Amino acid sequence: MIKNYLKVALRRFRRGGTHAAVNVIGLSLGMATCALIFMLVHHEWSYDRFHENASRIHRVYLEYVSPEGETGYQAMMTPDFTPTFKSTFPQLEGATRLAASGRDFKVGNQTTRHMLAEVDPDFFEMFTFPVLAGDAVASITDPTSMVVTTEAASALFDVTGENWSQAIGQTVTILVGDEAYDFNVGAVLAPIPNNSSITFDVAISFENYDNIRVGGNNWGGRTSTYALLGESVDPEALEASFTSFTDLEFGTYVEDMRNADRIADDGDAYRLKLQALPAMHSDIDVWVPYEADAHNPRYSMILAAIGMLILLIACINFMTLSVGQSTIRAREVGVRKVLGATQGQVAKQHWGESIVIAGVSLGIGLLLAAAATPAFNNLTGTELSLGQVSPVLIIVAVVFLTVVVGVFAGAYPAMILSRFMPARVLKGVVSSPRLGMLTRALIVLQFTISIGLIASTGIMTKQLGFLLTTDLGFDDDFVLAVDTRQVARSEADGVIGYFRDQLLAQEDIKGIARAGTAFAAYGSDRNGWADASGINRSAYNFGVDEDWADVLDMEIVAGRNFDKNRPSDATNAILVNEALVREFEIDDPVGYVMTNWLQWVYEESPTIVGVVKDFNYRSLHEEVAPAIMNMHPDYYNYFQTMLVKLGPDDVAGSLRKIEQAWSEVLPGKPFAYVFMDDAFAARYETEQRWRSLVTYSSALAIIIACLGLFALAILVVNRRTKEIGIRKVLGASVAGVTALLSREFAILVVIGSVVASPLAYLAMNSWLSGFAFTVSIGPWVFVGATLVTLAVALVTVGVHAMRAARANPVRALRYE
Amino acid sequence: MSEDTQVQTLGDPIYELRGVSRSFGSGLNQAHVLNGISLDIAQGEFVSIVGPSGSGKSTLLNIMGMLDAPTRGSCYFMGQATHELGERQRVTIHREHIGFVFQAYHLIDEMTVYENLETPLLYRKVKSAERKSKVAEMLDRFSMVAKKDLFPEQLSGGQKQLVGIARALIIEPRVILADEPTGNLHSSQGDKIMDLLSGLNRDEGVTIVQVTHNERYTEYGHTVVELLDGSINAVSQVERARSTNPSL
Chain A
1 MIKNYLKVAL RRFRRGGTHA AVNVIGLSLG MATCALIFML VHHEWSYDRF HENASRIHRV
61 YLEYVSPEGE TGYQAMMTPD FTPTFKSTFP QLEGATRLAA SGRDFKVGNQ TTRHMLAEVD
121 PDFFEMFTFP VLAGDAVASI TDPTSMVVTT EAASALFDVT GENWSQAIGQ TVTILVGDEA
181 YDFNVGAVLA PIPNNSSITF DVAISFENYD NIRVGGNNWG GRTSTYALLG ESVDPEALEA
241 SFTSFTDLEF GTYVEDMRNA DRIADDGDAY RLKLQALPAM HSDIDVWVPY EADAHNPRYS
301 MILAAIGMLI LLIACINFMT LSVGQSTIRA REVGVRKVLG ATQGQVAKQH WGESIVIAGV
361 SLGIGLLLAA AATPAFNNLT GTELSLGQVS PVLIIVAVVF LTVVVGVFAG AYPAMILSRF
421 MPARVLKGVV SSPRLGMLTR ALIVLQFTIS IGLIASTGIM TKQLGFLLTT DLGFDDDFVL
481 AVDTRQVARS EADGVIGYFR DQLLAQEDIK GIARAGTAFA AYGSDRNGWA DASGINRSAY
541 NFGVDEDWAD VLDMEIVAGR NFDKNRPSDA TNAILVNEAL VREFEIDDPV GYVMTNWLQW
601 VYEESPTIVG VVKDFNYRSL HEEVAPAIMN MHPDYYNYFQ TMLVKLGPDD VAGSLRKIEQ
661 AWSEVLPGKP FAYVFMDDAF AARYETEQRW RSLVTYSSAL AIIIACLGLF ALAILVVNRR
721 TKEIGIRKVL GASVAGVTAL LSREFAILVV IGSVVASPLA YLAMNSWLSG FAFTVSIGPW
781 VFVGATLVTL AVALVTVGVH AMRAARANPV RALRYE
Chain B
817 MSEDTQVQTL GDPIYELRGV SRSFGSGLNQ AHVLNGISLD IAQGEFVSIV GPSGSGKSTL
877 LNIMGMLDAP TRGSCYFMGQ ATHELGERQR VTIHREHIGF VFQAYHLIDE MTVYENLETP
937 LLYRKVKSAE RKSKVAEMLD RFSMVAKKDL FPEQLSGGQK QLVGIARALI IEPRVILADE
997 PTGNLHSSQG DKIMDLLSGL NRDEGVTIVQ VTHNERYTEY GHTVVELLDG SINAVSQVER
1057 ARSTNPSL
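Residue numbers (this note's numbering), protein chains in the order written: chain A, 1 to 816; chain B, 817 to 1064.
Structure below.
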């Protein structure tokens, strides 16, 4: 019986021509989209699950409630915390600290920068990072030994492939300012998987933390803490036993936080918690400085929804075409029933057919997905492949999708056709040549999705254009930000002086400034100051020099810039921005003395000498926050960046000159730079990716929807052949007939637009609410999306309608 | 073969219709297609239903074939009230006792002649070997062995109807319901089909009920039921004036 069904299905498929092709192309595209999105969603989901002990490893963090009742999280512990924690609770099989940041590594004369992690000996016993050569646990136990990944090993020693063991025993020097520390390589690790939250190139013992401070700041070190629970330990029961330990360990910290009004007075307002490792990547509330950024699971859900919508459009094609062809199929159903088929058998046959088509489409879709993977990776900024997904999961997903899509797409023919009364269909009672209500509703749904996606694309494009072109309050065009973090503090003034001497004489170098950060590049820093009423508020700190405002074309709206001729400016003068004046409620800023909340670099409280017009130093997601510019020589971000303003004519030539000067004054140190405008654009990388994703999705949606429309138009036009013939005989023009046939579809597109516009408006409003500065959503974007869709739909239908309208009416009528 | 032997083959009634009415629509739009039809058809009988367009011939045939149900009255098939049958029982009767022949042949276009003949047996869950031999026997009997791998569109109208009859016959039914079996055929092809049907009736005792427009072909049956506006206008017995060709 199955053979019989299959044969019929295959033969129909072969003869089906346009319809079969549309079904398979549409479903394949939909399936390919779903496969790619599945890959991405799976990647985010798979984070940290590759560790054998994943379910037993927990991150330790403090949860607290603010006086306003908001819950806050703190996963940064003092370096002393972890050893005490481990020795207090015998339920723990292991615990490790983790701190990491970029450091300079020197082998011979060559210095390269790598991510350095400092961890405890338990680290490599808890986590699953395969060792290719040497002994990782032993290396971490020895404070003078280091563990390197293959990537770092090839960069440091030029070893590859089978020769990893050649790296063992080699000496590497870690440079920290003016100091240098030697280490021997003790183990080489396989590359860290791309779905690991913990990433590093080199790992050393945490015992080095005092000398080689990674990720700390002036107030002391902070580390992440991971604990390995014993086999049968219940994390919730363990958490419950933390109470007295927490009071003891965090008493002072909590007291400080309460004094600063950050934690509520309630005794239960803070507690120590455990979070299973696999849950970490989707938890965006807990800040992680040393691990990969958490991923908002909402994005995965939105993506999955977009994939499903595209697949839905393809499924609708399948349904509407089934409805369109039902008169043909109905006869077969009638015959089979007369020959003794039950309704159930007929339904099964049709479902079988649609499942086979879904399966074939999925196969093609997977091939398409594999072919499109590099482009998709490029689009999403990932390096994924279907090979990373476990084969079992792929098989489960394939079977699931095939059955779900098959059952869904085949629902109409299986459930409605199988109910047809043979007496009617066999007598040739042909349904009306117009589209039925169900078909209309389904087409409206397709165009609702398409128009919604197109309108969203339009709004996202407009917002991004606004973000990238809006006036930031300063001029970042042709400003190069050179990374100078490897310059020792003692050399800073000499180095900047050398660059000034060498480069400022050049015509194409317009200016040079020393800076702590370049805003978007190389991090930021803030601390607390008292406002006019003495309340603690935070402000961003920027280390600058006298040329900084000129190089970035900042406008001083009150007072004056830093002055080279006043040496005291370095130690007791500051510039502030307008936002600070506003939020700190300072009436007369110039000459106002600012009070540092905690003891900072200033011995005496500094005086405001000038106010800088507000400039957007963060992304436009946020309002401009208060900022303070200082020139203090003890400021730890004194010289992290050198800003160089270039002339527009010969950027490559200017770059060569700067690199030349660099290699003269800092031989062997890596020359790293970004253009400030690129760095700012990178802040909107997520938005740009989303825009691209939505653009491609909407293109796919409209292509698949119009494929269906094209096939449906053929059906409808064929059914109306006689009517067209009669109309032409009665004197209708080609244009008139074409319009008549197209009108029906045009109405559906317009209805789709009416439904889609408010939905897209709501969705985009929610997206825009993530920005402090936004464009307005006008009606034109919806009108535009509707017109685009209408144009594509009318061309699709019109081509066929015109052909039918031009045909000789005699031929059309002869067959009746 | 004498008329007497024919009469002897007529057995118990296979169909008993009692006051069968069928209407479509409701209210003002209600159309009464059949009005209180009462009719007995004996096993082995050959009945022709005639009447002008719209007189309810096809509806009557559909009710007898259980493809439609009367709005009032009852139809008994082999003593069972058809309106009391569930889908399962109705399907079983279709699989085992009733063969349908249509004016438009209604072969499945995507199937070869062989597969079209095989399909009813598949629904009857006949074993593969038996299926093969039955299909082969039918192909042989209707001289279509050479055409077994052709698709319906490659056959002439008469050939298609031969396949249609062979398909109805392959389950060895008690009754064949034929709705204008010759309606789309040239007269020579039509004659051949009618000869075939009357041969089946005469030689194998298959009950045949046909709807026809063609007066010439009413003579092939024993009984002519004439419908007019949904009621039986006349029932007449055919005189065996015309000899039929027993060979196919």
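Each residue gets a CB set at the ideal place from its N, CA and C atoms; glycine is no exception.
Predicted model only: the values in this text are computed from it and were never measured.
If only complete runs of 4 or more residues are kept, the stretch 412-497 of chain A shows the alpha helix (DSSP H) at 422-426 and 437-469, in order along the chain. At a cut-off of 9 angstroms between C-beta atoms, residue 881 (chain B) counts as an interface residue with respect to chain A. Between residue 641 (chain A) and residue 774 (chain A), the CB-CB gap reaches or exceeds 9 angstroms.
Note on residue 616 (chain A): 16 or more other CB atoms within 10 angstroms of its CB, so buried under the neighbour-count rule. Contact of residue 936 (chain B) with chain A by beta-carbon distance below 7 angstroms involves 339 and 340. Within the same chain, Cβ atoms closer than 6 angstroms to the Cβ of residue 44 (chain A) are found at 295 and 300, the five residues on either side in sequence being excluded. In this model, residue 493 (chain A) and residue 590 (chain A) are separated by some 28 angstroms (Cα to Cα). Here residue 13 (chain A) carries a helix assignment [DSSP, helix/strand/coil]. Under a 10 Å Cβ-count criterion, residue 449 (chain A) is classified as buried, with 16 or more other Cβ atoms of the shown protein chains found around its own Cβ. Under the three-state reduction of DSSP, residue 138 (chain A) is assigned to helix.
Nearest neighbour of residue 906 (chain B) by Cα position, chosen from A:411, A:439 and A:343, turns out to be A:343. Contact of residue 334 (chain A) with chain B is assigned, a C-beta pair being separated by under 9 angstroms. Looking at A:669, A:329, A:90 and A:548, the one whose alpha-carbon comes closest to that of residue 631 (chain A) is A:548. With a contact defined as Cβ atoms closer than 8 angstroms, residue 611 (chain A) and residue 569 (chain A) miss out at about 15 angstroms. It is roughly 13 angstroms from the alpha-carbon of residue 1005 (chain B) to the alpha-carbon of residue 919 (chain B).
Per DSSP, the beta bridge partners of residue 595 (chain A) are A:530.
Taking residue 932 (chain B) as reference, the option from A:1, A:149 and A:68 with the minimal CA-CA separation is A:1.
At a cut-off of 9 angstroms, the C-beta of residue 981 (chain B) has no neighbouring C-beta in chain A.
Counted as a single uninterrupted DSSP element, the alpha helix (DSSP H) harbouring residue 252 (chain A) occupies residues 243-259. When the five nearest sequence neighbours on each side are left out, the beta carbons in the same chain lying within less than 7 angstroms of the beta carbon of residue 25 (chain A) are those of 707, in order along the chain.
Residue 711 (chain A) is positioned such that its CB atom lies closer than 9 angstroms to that of residue 324 (chain A). Taken through DSSP and simplified to helix, strand or coil, residue 729 (chain A) comes out as helix. When secondary structure is reduced to three states using DSSP, residue 1002 (chain B) falls in the coil class, being assigned neither helix nor strand. By the Cβ neighbour-count rule, residue 437 (chain A) is exposed, with fewer than 16 other Cβ atoms within 10 Å of its own. The stretch 644-659 of chain A and the stretch 476-488 of chain A touch, with three or more beta-carbon pairs separated by less than 8 angstroms.
Contact note: residue 792 (chain A) does not reach chain B at a C-beta cutoff of 9 angstroms; the least C-beta distance is about 34 angstroms.
In the DSSP secondary-structure assignment, residue 539 (chain A) is bridged to A:527.
The alpha-carbon of residue 362 (chain A) is positioned some 13 angstroms away from that of residue 315 (chain A).
Note that the C-beta distance between residue 214 (chain A) and residue 117 (chain A) is below 9 angstroms. For chain A, the residues of the stretch 861-895 of chain B that bring a beta carbon within less than 7 angstroms of one of its beta carbons are 874, 878, 883 and 884, in chain order. Linking residue 777 (chain A) to residue 752 (chain A) through their CA atoms gives a straight-line distance of about 19 angstroms. Runs of the beta strand (DSSP E) lying entirely within the stretch 945-1016 of chain B and spanning at least 3 residues, in chain order: 991-995.
If you look at residue 1042 (chain B), you'll find it in the beta strand (DSSP E) that goes 1039-1044.
When CB distances to chain B are screened at a threshold of 8 angstroms, the residues of the stretch 3-34 of chain A falling below it are 4, 7, 8, 11, 12 and 15, in chain order. The alpha-carbon of residue 33 (chain A) is positioned some 33 angstroms away from that of residue 4 (chain A).
Residue pairing of residue 630 (chain A) in beta bridges, as defined by DSSP: A:543 and A:574.
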